[in-house]
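Q: Please find one structure pasted underneath; my questions will follow.
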Amino acid sequence: MTASQRFHTAIGRGVPDRVPVVPKIYLDLAARLTGRDLRSMVEDPLDALWAVVEAGRLCGADAVRQFHVPRRRTALVEGQLVETDGTGSVMGRIDLAGGLITVFEEPSRFHLEDEHFVAFNHYWSCPHPFVADRAAVDRMVVPERRFYENYGCGERQRAVIEGIATDGGEEVALIGDCDTATMAFLVTMRGMERAMFDLLDNPALVHAIMDKGARIAAERGFFNIDLGMRVLRINDSVGNMSVISPEHWREFVFPHLRDLCAELHRYEPEARLYCHICGNVLPILEDLVETGLDCIAPLDPLGGVSPAAVRARVGDAVSLMGGVNTLSFLDSTPAGIIEESRRCIEEGGQRGGFVLGSGCVVPRDAPRENLEALYRASTVYGRYHEGRLRREE
64 MTASQRFHTA
74 IGRGVPDRVP
84 VVPKIYLDLA
94 ARLTGRDLRS
104 MVEDPLDALW
114 AVVEAGRLCG
124 ADAVRQFHVP
134 RRRTALVEGQ
144 LVETDGTGSV
154 MGRIDLAGGL
164 ITVFEEPSRF
174 HLEDEHFVAF
184 NHYWSCPHPF
194 VADRAAVDRM
204 VVPERRFYEN
214 YGCGERQRAV
224 IEGIATDGGE
234 EVALIGDCDT
244 ATMAFLVTMR
254 GMERAMFDLL
264 DNPALVHAIM
274 DKGARIAAER
284 GFFNIDLGMR
294 VLRINDSVGN
304 MSVISPEHWR
314 EFVFPHLRDL
324 CAELHRYEPE
334 ARLYCHICGN
344 VLPILEDLVE
354 TGLDCIAPLD
364 PLGGVSPAAV
374 RARVGDAVSL
384 MGGVNTLSFL
394 DSTPAGIIEE
404 SRRCIEEGGQ
414 RGGFVLGSGC
424 VVPRDAPREN
434 LEALYRASTV
444 YGRYHEGRLR
454 REE
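Residues in the sequence shown are numbered consecutively from 64, following our numbering.
Now the structure itself:
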């Protein structure tokens with residue numbers, strides 16, 4: 064099987080030739096592994112796409128996520144990287160240790176009527192809310208799929224797809240990113256503290272924001288599907304039981320995530336959807352299946368989640384992805400990663416439908432050999448024979 068065939072088979076609950084490997088590589092780690100300047104990736108969206116592909120190839124990954132970042136002008140001011148506007152005025156500092164987000168001092172820098180800002184919303188933050196009230200939600204534009212094409216995202220992504228096919232390097236599958244629709248979107252628009260109080264004090268505003276977030280994520284999904292991508296990532300790293308209660312998750316997140324999955328599946332029935340929710344999701348496993356997701360990820364051990372616990376609850380109703388403690392990539396050895404991977408494979412992948420990966424984003428300082436250990440574990444412990452894991456003697 065090719066990497067794409069292997070990955071699509073597994074995430075579709077099938078049995079591949081071996082367990083595919085998908086560590087969660089973000090731009091900072093990709094820059095270090097490939098020797099790139101992180102500033103160039105902030106300024107050049109194509110460089111950011113290619114960096115993740117090349118980092119995945121270096122580690123033996125079968126698939127990588129593709130993040131379309133906004134074009135940003137930058138400058139160094141007193142040793143601090145900042146984003147500037149067209150006049151050279153400083154808009155805010157860029158947090159190189161925190162997701163490459165530009166931190167505005169005033170929310171007026173973020174324009175709810177501007178497709179550019181809304182489409183790439185999580186690359187900006189502010190101590191004050193971008194959305195002050197329901198009227199602000201109503202003003203927020205929903206960038207349609209044509210926006211991403213006009214912005215150059217389509218041209219850049221097609222260049223990467225063609226490059227993978229023709230440059231002689233290892234084949235790797237690409238995961239389209241829908242970004243966030245629910246809790247994480249609420250936090251971006253309202254700030255963490257206000258978002259938590261909104262769940263109690265302003266439920267109508269929460270639903271309005273999440274409804275808009277789901278519509279924005281759907282258009283990103285349509286754009287990715289039109290490019291030929293058939294595995295899509297939805298992000299909600301805040302929507303876990305380490306942060307909110309199961310009751311609040313069911314009241315607020317569930318209906319909007321379910322509607323988003325239905326929209327994407329109507330548009331392309333062969334699309335496979337997963338939602339990245341790190342932390343504790345054990346109380347909502349059956350609910351996640353009911354949303355229409357095809358895969359539960361990332362099985363974060365730091366939230367008390369294991370492939371065994373999830374598989375015991377959901378059976379073969381969905382595929383599973385992840386499982387290896389993200390801190391192990393910093394603190395462990397290749398041998399330790401291989402042993403942890405073996406346990407994950409045996410717990411989650413006996414009859415296919417399992418993708419080996421990290422329980423959250425791999426830290427930027429993780430040694431390359433620890434990422435390569437995932438691939439080595441898959442080749443030794445993750446091969447299938449007659450529909451089941453081949454038992455190693």
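No residue lacks a Cβ here, since even glycine has one placed at the ideal position from N, Cα and C.
How would you label Ser188, buried or exposed, when you count the other beta carbons within 10 angstroms and need 16 or more for buried?
A: buried
Q: Assuming Glu146 and Arg134 are in contact, meaning their beta carbons sit under 8 Å apart, how far apart are those beta carbons, in whole angstroms?
A: Their Cβ separation, rounded to whole angstroms, is 11 Å, which puts Glu146 and Arg134 out of contact at 8 Å.
Q: Enumerate, from N- to C-terminal direction, the unbroken alpha helix (DSSP H) stretches of 4 or more residues contained entirely within the stretch 357–401.
A: 370–377 and 391–394
Q: By alpha-carbon positions, which one of Val223, Asp240, Met273 and Leu434 ends up nearest to Gly232?
A: Val223
Q: Using the C-alpha atoms, what's the distance from Leu365 back to Phe19?
A: For residue 19 there is no data in the structure shown, the boundaries of the chain being 64 and 456.
Q: Beta-carbon within less than 7 Å of Arg431's beta-carbon, same chain only, minus the 5 sequence neighbours each way: which residues are those?
A: Leu96, Leu121 and Cys122
Q: Terminal residues of the continuous beta strand (DSSP E) containing Glu146?
A: Its beta strand (DSSP E) spans residues Gln143 to Thr147.
Q: Determine, using beta-carbon pairs with one atom in the stretch 297–310 and one in the stretch 236–247, whether at least three such pairs fall under 8 Å.
A: With a cut-off of 8 Å, the stretch 236–247 and the stretch 297–310 count as touching, because enough Cβ pairs lie within range.
Q: Residue range of the beta strand (DSSP E) that Met154 falls in?
A: Val153 to Asp158
Q: Return the CA-CA distance between Leu139 and Arg128, expressed in angstroms with no decimal places.
A: For the pair Leu139 and Arg128, the Cα-to-Cα distance works out to about 29 Å.
Q: Pro361 and Gly420 - do their beta-carbons sit closer together than 8 Å?
A: Taking 8 Å as the Cβ cut-off, Gly420 and Pro361 qualify as a contacting pair.
Q: Roughly how many whole angstroms lie between the Cα atoms of Val424 and Val85?
A: 11 Å
Q: Answer with buried or exposed for Leu263, where buried requires no fewer than 16 other C-beta atoms within 10 angstroms of its C-beta.
A: exposed
Q: Decide yes or no for the touch test of the stretch 268–288 against the stretch 199–213: beta carbon pairs closer than 8 Å, at least 3 of them.
A: yes
Q: Pair every Cβ in the stretch 161–174 with every Cβ in the stretch 327–339, then say whether three or more of these pairs are closer than 8 Å.
A: no
Q: Name the residue from Leu90, Asp125 and Leu92 whose alpha carbon lies nearest to the alpha carbon of Leu437.
A: Asp125
Q: Within a Cβ cutoff of 8 Å, which residues of the same chain sit near Arg76, ignoring the five residues on either side of it in sequence?
A: Asp357, Asp379, Val381, Ser382, Gly415 and Gly416
Q: Determine the direct distance from the alpha carbon of Arg278 to that of Ser272, and round the result to whole angstroms.
A: For clarity, residue 272 is Ile in the given sequence; the question names Ser instead. Distance between the alpha carbons of Ile272 and Arg278: 10 Å.
Q: Could you give the C-beta distance for Arg446 and Arg81, rounded to a whole number, given that I count them as a contact under 8 Å?
A: 5 Å
Q: Short of 6 Å in beta carbon distance, which residues of its chain neighbour Ala258, apart from the five on each side in sequence? Order them along the chain.
A: Leu249 and Val250
Q: Kindly indicate which three-state DSSP category Val200 falls into: helix, strand or coil?
A: helix
Q: If you draw a straight line from the C-alpha of Arg296 to the C-alpha of Glu410, how long is it?
A: 23 Å
Q: What are the boundary residues of the beta strand (DSSP E) that Asp240 is part of?
A: Ala236 to Thr243
Q: Within a Cβ cutoff of 8 Å, which residues of the same chain sit near Ala182, ignoring the five residues on either side of it in sequence?
A: The residues Pro133, Pro206, Phe210, Tyr211, Tyr214, Ile279 and Arg283, in chain order, have a CB closer than 8 Å to that of Ala182 in the same chain once the five nearest residues on each side in sequence are set aside.
Q: Could you say which of Gly239, Val294 and Val373 lies nearest to Arg69 if we only look at CA atoms?
A: Val294
Q: With C-beta atoms as the reference, is Thr389 less than 8 Å away from Gly422?
A: Going by C-beta atoms, Thr389 is nearer than 8 Å to Gly422.
Q: Out of Glu218, Ala118, Asp196 and Glu106, point me to the one whose CA is closest to Tyr186's CA.
A: Glu106
Q: Out of Asp350, Val418 and Ala236, point me to the one whose CA is closest to Pro370's CA.
A: Val418
Q: Closest by CA to His270, which one among Glu314, Gly291, Glu310 and Leu290?
A: Glu314
Q: DSSP on Ile224, reduced to helix/strand/coil?
A: helix
Q: The beta strand (DSSP E) spanning Arg172 covers which residue range?
A: Unbroken run through Arg172: none, as it is neither H nor E.
Q: Here's the rule: buried if 16 or more other CB atoms are within 10 angstroms of the residue's CB, otherwise exposed. What is Pro170?
A: By the 10 Å Cβ count, Pro170 comes out buried.
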